[in-house]
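Structure first, then comments.
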């Protein structure tokens, strides 16, 4: 960024004999590239599931095989405790952690593995579950700011140098957290807003804040008849920017909202017909075109709905297909080119990876990771022609080639930090590399 400024200074020196208006025009001309450096475009992985919230990485040529002694460009220890997936803008990865009773937001140089800064932002509420922490939700970034959310209720926006721009505590503003377990919902970006869904026993809502100012843009209640723990959700809303809409799945109900004012445009209920009081939801929905995929029932069902039909008020008639004894409880599916990739994580489906047709729900192929006692709490990444799925001991299974008639597990990659529990998902970095956050470490993996 110094180059354009240096050029402008030299130009001004050469043009001192010209009129003031000419000088100002030249100054503006040379400085414009600095002002419009497309910071938002630098956010190559802006949200937990990527810019499209579909778990798909741009590019190709990603590593397929690695170990602690092969393919690791660098690894560093991440101080504190947290399960957030890194998000990336430019050469910086942002993540959250709880350290010494405080929540921190950290920036890491993805080229060197050096920590650039760590900013203390709020008190750490800690975790209830052995897999959890007070810093489970992932940050979001547009390349200009980083917005983070914590179990304490703190929603904090920082600039990319670690300076706090604004913060608000949702629990102090709107009521205490009533979740039985640790907060897992990440914020979502759409337009100039950051959106948070709070789905819990008692008052639940969707709220949006202006990313630049922190001013609340809108807040809408989200009422459902879900009983007991079924009213609680740890899923993340999905932005649908091309339609100016937001999809929210949880509390036995799918709702579609306007991003302009949060107004509910349509809903589908009945995801818990037996009124099971323990149907809390963790896996998030995923959107492709006019279809939203909804994992539910603690990993026992997947339902696809036509978004335009939901908005038209068709309710359950908007369902394209519904499958039982199939799904994922924690892992959010990935979707690409008309195929939905569902990675099973329940006792019955653990390690089962299935590709189904987006429109029909029919199975196209299925494969399985080697039998293991290890569970899965991260979500799959599609990168190049392969799918990456990490278990809780940080073993990464690579499935592919995805354009084959019957993809299979082509590698099983182990690294030293196998301490339970790895819950963050892998993300792409650079043109061909992967960034993997384990229980204690951050790895950059190269081909």
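Residue numbers (mature numbering (1 follows the signal peptide of the UniProt record, and there is no 0)): -39 to -1, 1 to 408. Ideal Cβ placement from N, Cα and C applies to all residues, glycine included. Computed from a prediction, not measured in an experiment: that's the story for all the values here.
Determine whether the beta carbon atoms of residue i and residue j lie at a separation below 7 Å.
i           : j           : result
residue 36  : residue 404 : yes
residue 171 : residue 88  : no
residue 299 : residue 319 : yes
residue 60  : residue 47  : no
residue 355 : residue 376 : yes
residue 117 : residue 148 : no
residue 340 : residue 386 : yes
residue 272 : residue 251 : no
residue 113 : residue 83  : yes
residue 218 : residue 201 : no
residue 158 : residue 167 : yes
residue 185 : residue 163 : no
residue 309 : residue 353 : no
residue 246 : residue 199 : yes
residue 136 : residue 97  : no
For the beta strand (DSSP E) that residue i lies in, which residues bound it at each end?
i           : result
residue 83  : 76 to 84
residue 120 : 115 to 120
residue 249 : 247 to 249
residue 285 : 280 to 285
residue 405 : 402 to 406
residue 216 : 214 to 219
residue 126 : 125 to 130
residue 252 : 252 to 257
residue 36  : 33 to 38
residue 398 : 394 to 398
residue 414 : Summary: the structure shown does not reach residue 414, with the chain confined to residues -39 through 408, and so no result is reported for it.
residue 179 : 177 to 182
residue 295 : 295 to 297
Assuming the contact rule is C-beta atoms closer than 8 Å, residue i and residue j should be a hit. Round their C-beta distance to whole Å, please.
i           : j           : result
residue 278 : residue 270 : 7 Å
residue 313 : residue 329 : 5 Å
residue 15  : residue 296 : 5 Å
residue 95  : residue 111 : 6 Å
residue 39  : residue 402 : 6 Å
The alpha helix (DSSP H) spanning residue i covers which residue range?
i           : result
residue 269 : 268 to 272
To which residues of the same chain is residue i closer than 8 Å at the C-beta, ignoring the five residues directly before and after it?
i           : result
residue 327 : 313, 314, 315, 316
residue 393 : 20, 21, 22, 23, 24, 407, 408
residue 175 : 118, 126, 127, 128, 129
residue -4  : Confidence at residue -4 is low in this model, with a pLDDT of 30, below 50, so the placement of that residue should be treated as unreliable; the coordinate-derived value is given next. Closer than 8 Å at Cβ, skipping near neighbours: no residue.
residue 182 : 164, 165, 166
residue 364 : 346
residue 152 : 202, 205, 220
residue 132 : 113, 114, 138
Tell me which residues share the same chain as residue i and place their Cβ nearer than 6 Å to its Cβ, disregarding the 5 neighbours each side in the sequence.
i           : result
residue -2  : Model confidence at residue -2 stands at a pLDDT of 38, short of 50, so the residue's coordinates are unreliable; what they give is reported in the following sentence. None.
residue 160 : 194, 211, 212
residue 256 : 244, 263, 288, 289
residue 32  : 24, 406, 407
residue 154 : 169, 178
residue 188 : 236, 238
residue 42  : 59, 94
residue 2   : Bear in mind that a pLDDT of 41 at residue 2, under 50, signals an unreliable position, so the number given afterwards is only what the model happens to contain. Taken in chain order, the list of residues that qualify is empty.
residue 230 : 214
residue 399 : 355, 378, 383
residue 225 : 216, 218
residue 29  : 376, 377
residue 63  : 81, 85
residue 411 : In the structure as shown, the chain begins at -39 and stops at 408. Residue 411 is therefore absent and cannot be evaluated.
Tell me which same chain residues have a C-beta within less than 7 Å of the C-beta of residue i, skipping the five on either side of it?
i           : result
residue 243 : 145, 195, 196, 290, 291
residue 191 : 212, 213, 233, 237, 238, 239, 240, 241
residue 274 : 227
residue 358 : 330, 350, 370, 373
residue 102 : 4, 7, 48, 50, 55
residue -12 : At residue -12, the pLDDT of 33 sits below 50, so the modelled position is not reliable and the matter cannot be decided from this model.
residue 323 : 317
residue 17  : 11, 295, 297, 343
residue 52  : 70, 71, 72
residue 321 : 282
residue 285 : 261, 262
residue 484 : Only positions -39 to 408 of the chain appear in this structure, which leaves residue 484 out of reach.
residue 205 : 219, 220, 221
Quick check: is the beta carbon of residue i nearer than 7 Å to any beta carbon in chain C?
i          : result
residue 66 : Among the chains in the structure shown there is no chain C, since it carries only a single protein chain.
If you scan the stretch 82 to 113 from start to end, which runs of the beta strand (DSSP E) of 3 or more residues do you find wholly inside it? Whole beta strand (DSSP E) segments, 3+ residues: 106 to 110.
Beta strand (DSSP E) runs wholly inside the stretch 302 to 387, at least 3 long, in chain order: As far as the stretch 302 to 387 is concerned, its whole beta strand (DSSP E) runs of at least 3 residues are 313 to 318, 324 to 329, 342 to 344, 347 to 351, 357 to 361, 369 to 374.
Which ranges would you report for the beta strand (DSSP E) in the stretch 136 to 169 if only whole runs of at least 3 residues count? Taking 3 residues as the minimum length, the beta strand (DSSP E) runs contained wholly in the stretch 136 to 169 are 149 to 151, 154 to 159, in order along the chain.
Could you tell me which uninterrupted beta strand (DSSP E) segments, each at least 3 residues in length, are contained entirely in the stretch 41 to 69, listed from first to last along the chain? As far as the stretch 41 to 69 is concerned, its whole beta strand (DSSP E) runs of at least 3 residues are 48 to 50, 53 to 60.
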